[in-house]
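K.L.:
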Amino acid sequence: MTIEMPLETTNGQRKSLSTAAAHQLAHTTKSEPQMQGISSRWLTRSLPWSQVKGGVYRVNRRLTHTVGNGEVEFVINGPSARVIPLELQELPQLRGFDDEDILATVAGRFEQRDLPPGTVVAEFGNPMDQVLLIVHGKLSKIGTGEFGETTKVGMLGGGDFFGDATLTDPDAIWPVTVKTVTPTTMLVLSRSTLQQLNDQIPALQQHLSSVAEAPALPQNKYGEAEIVISSGHSGEPLLDGTFVDYDSQPREYELSLAQSVLRVHTRVADLFNDPMDQIEQQLRLTVEALYERREYDLVNNPDFGLLHNCDLKQRIYSESGAPTPDDMDELLSMRRSTKLFLAHPKAIAAFGRECTRRGIYPDPVEVDGHRVPAWRGVPIFPCGKIPVSDTQTTSILAMRTGEKDQGVIGLHQTGIPDEYEPSLNVRFKGIDDQSIISYLVSCYYSAAVLVPDALGILDNVLVARQSD
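In my numbering, the protein residues as written are 33 to 500.
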């Protein structure tokens, strides 16, 4: 005699859809199973997807001499902060200097300063006498225009550094005035302290001297190796030869994946398939969940996600907290042919409030039959996958897309075995001793930023309502 046992795993949790749930699709007039977690997935729909053979996509670029330029990270313990020693290698002058003991000594000599808004940290034209590491807060860089007017030339925020030329150039001067906009915490290494370190640590002094004496390689304004071109000449002068140098270690993007094992009991598949196919409905919702994870990873994955792969020179900061038309104009002006903005719905609402406050009412644009908000004719697509911090701040992304435009592209591989949808396959795993059918569902994807200015981010955008 066969005794039917409950279909449970060893930890007491069910492994497949129960008959009680399955019969909900077998009686009365009904809808297909609904799923609240399905979003519009505008990012996935807007990215051009490039075929990746072999599972790896290599981004070849011209040789760039100014590699690095990363963020400096800190350890924060209550009101005090200290820089992580190895993070000092993000400063161009210390790149490649990997003596952790010496870096720890240098890190220990930085002094913390907590400054109120409106404090002038550095003044244009004065001798550069300190290295600044920004722990928290925002600072504006103020320059002088062609006619002597005061102009704002940029912003600094947490993780940025300034004044690093102090390490190698004793005659350096501040190129701009730096002034705090919000309460700011920074770590400071003075020139006098640096001189003491050089006297005490010969290896440090030798490294900084070699960096200072190294010849500057010719490069364009983007840091790429210069291509020598002659123009405007007459007669038969001897022309300079040139070649286009490439990066010898180009970045490679390996396809990532999201997977799930779908389980359906044979009794459900046999008896409860009228009028809706139970396996088909289970598979449809599983695929939707995988596509939601794919879009989340395209934004947040630490390896290839857009939030983590934006060049720091393409990151700017909101000047007044909430995203203003001025902020969006600056973000838009940093690249040619911006195809779209991507923002959390709360950020879009905050931008709308700022526009209304100024009496500006941007016209929406129509995309695939949908009317979406826009700025300067560029659509602003909502994306709930962009995080909002505990302090109610988030980011707005702007990007150019497509391989021909050297933009942002999605990566996938079609034609894989048992393909169900492009770059997604469903593989039958078998039926176990509990009569449960199993399917392995896999989705392969990644994203690549072909050149740094293809992607820009407006950071520290405040989405909370501000009291008048």
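Cβ atoms here follow ideal geometry from the backbone N, Cα and C, with glycine treated the same way.
Thinking C-alpha only, which one of Leu372, Leu364, Ala354 is nearest Thr388?
P.N.:
Thr388 has its Cα closest to that of Ala354, out of Leu372, Leu364, Ala354.
K.L.:
Taking the alpha carbon of Ile205 as the reference point, which residue from Gly191, Asn158, Thr183, Gln238 has its own alpha carbon closest?
P.N.:
For Ile205, the nearest C-alpha among the options comes from Asn158.
K.L.:
According to DSSP, is Gln424 part of a helix, a strand, or is it coil?
P.N.:
It is coil, neither helix nor strand.
K.L.:
Do Thr433 and Ala486 come within 9 Å of each other at the CB atom, strictly closer than that value?
P.N.:
Contact flag set, yes.
K.L.:
Give me the residue from Ser82, Leu219, Val115 with the minimum Cα distance to Leu443.
P.N.:
The shortest C-alpha separation from Leu443 is found at Ser82.
K.L.:
Please name the residue, chosen from Gly391, Gly190, Asp306, that lies closest to Glu103 on a Cα-to-Cα basis.
P.N.:
For Glu103, the nearest C-alpha among the options comes from Gly190.
K.L.:
What ranges does the alpha helix (DSSP H) occupy inside the stretch 198–226, keeping only unbroken runs of at least 4 residues that lie completely in it?
P.N.:
Entirely contained in the stretch 198–226, not one alpha helix (DSSP H) run reaches 4 residues.
K.L.:
Taking DSSP as the reference, what is the three-state secondary structure of Arg367?
P.N.:
Correct three-state label for Arg367: coil.
K.L.:
Rank Pro234, Val296, Ala197 by C-alpha distance to the C-alpha of Ala244 and give the top, closest one.
P.N.:
Measuring from the Cα of Ala244, the nearest candidate turns out to be Ala197.
K.L.:
By the DSSP assignment, the alpha helix (DSSP H) with Glu324 in it spans what residues?
P.N.:
Its alpha helix (DSSP H) spans residues 310–332.
K.L.:
Rounded to a whole number of angstroms, what is the C-alpha to C-alpha distance between Pro148 and Lys211?
P.N.:
Distance between the alpha carbons of Pro148 and Lys211 is about 10 Å.
K.L.:
Mapping the DSSP letters down to three states, classify Leu79 as helix, strand or coil.
P.N.:
Leu79 falls in the coil class under three-state DSSP.
K.L.:
Rounded to whole angstroms, what is the Cα-Cα separation between Asp201 and Glu122?
P.N.:
If you take the alpha carbons of Asp201 and Glu122, they lie about 18 Å apart.
K.L.:
In three-state DSSP terms, what is Val84?
P.N.:
Looking at Val84 - three-state DSSP - the assignment turns out to be coil, as it is neither helix nor strand.
K.L.:
Do Leu472 and Gln291 have their CB atoms nearer than 9 Å?
P.N.:
The answer is yes: Cβ separation under 9 Å.
K.L.:
Quick one: what does DSSP say Ile380 is sitting in, helix, strand or coil?
P.N.:
Three-state result, Ile380: helix.
K.L.:
Let me make sure I understand the geometry here. Which of Glu386, Ile418, Pro215, Ala375 has the alpha-carbon closest to that of Pro411?
P.N.:
Comparing Cα positions, the closest option is Ala375.
K.L.:
With distances taken from CA atoms, which of Trp407, Val138, Val399, Val397 is nearest Gly384?
P.N.:
Comparing Cα-Cα distances from Gly384 to each of Trp407, Val138, Val399, Val397, the minimum goes to Trp407.
K.L.:
Whose C-beta lies closer than 8 Å to the C-beta of Ser112 among residues of the same chain, with five residues either side of it excluded?
P.N.:
Same-chain partners within the cutoff: Gln144.
K.L.:
When the Cα of Lys371 is compared with those of Ile441, Ser427, Pro234, which residue comes out closest?
P.N.:
The option with the nearest alpha carbon to Lys371 is Ile441.
K.L.:
Residues in the same chain with beta-carbon distance under 6 Å from Arg295, minus the five sequence neighbours each way, listed in chain order, please.
P.N.:
Contacts found: Lys47, Ser48, Ile468, Ser470.
K.L.:
Look up Tyr89 in the DSSP assignment and give the residues it is bridged to.
P.N.:
In the DSSP output, where bridge partners are listed per residue, Tyr89 has Tyr285.
K.L.:
Compare the beta carbon distance of Arg367 and Gly488 with 9 Å and say whether it is the shorter of the two.
P.N.:
Taking 9 Å as the Cβ cut-off, Arg367 and Gly488 qualify as a contacting pair.
K.L.:
If you draw a straight line from the alpha carbon of Glu105 to that of Ser172, how long is it in whole angstroms?
P.N.:
Each residue's alpha carbon lies about 20 Å from the other.
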